[in-house]
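Note sheet for the following structure.
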Amino acid sequence: MATGDNFEWTELDRLTAHLRQLVNRHEQAPRARTGLLRQIESEIGRIEAQRERLVTNLTRRLITQVAA
30 MATGDNFEWT ELDRLTAHLR QLVNRHEQAP RARTGLLRQI ESEIGRIEAQ RERLVTNLTR
90 RLITQVAA
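Just so we're aligned: 63 in our numbering is position 34 of the sequence shown, and the numbers increase by one with no gaps anywhere.
Following this line, the structure appears as structure tokens:
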């Protein structure tokens, strides 16, 4: 496994943990604080998109390695 791969797996772990924290914050935020909820939802969307791109990249790399 290349160094870049290690970084990407570490980044995936970091993003997943961050996403879990945001979801917990969202669940615990008072419903009346709509501004805070929107901010957390926006951040969740950003992290989910970033994580999806990373998973796609890792999947492509794994498929390439298996096919080689």
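The beta carbon of each residue, even a glycine, is placed where N, CA and C say it ideally should be. Small disclaimer: the values here were computed from a predicted structure and weren't measured.
Which stretch, first to last residue, makes up the alpha helix (DSSP H) that contains residue i?
i	result
Arg89	63–96
Looking only at its chain, what residues have a beta carbon closer than 7 Å to the beta carbon of residue i, apart from the 5 residues adjacent to it on each side?
i	result
Glu72	Leu51
So, are the CB atoms of residue i and residue j less than 8 Å apart?
i	j	result
Leu48	Glu77	yes
Gln68	Leu44	no
Asp34	Arg75	no
Might you give, ordered along the chain, the residues of its own chain that have their beta carbon closer than 8 Å to the beta carbon of residue i, omitting 5 neighbours on each side?
i	result
Asn86	Glu37
Ala58	Leu65, Leu66, Ile69
Leu83	Glu37, Glu40, Leu41, Leu44
Hey, does residue i have any beta-carbon neighbour from chain B nearer than 8 Å?
i	result
Val52	Protein chain content of the structure displayed is limited to a single chain, and chain B is not contained in it.
Below 6 Å CB to CB, which residues in the same chain sit around residue i once its five sequence neighbours on both sides are set aside?
i	result
Ala97	none
Between residue i and the ligand NAP, is the CB less than 7 Å from at least one heavy atom?
i	result
Thr39	For the ligand NAP, the structure offers nothing, since it holds no ligand at all.
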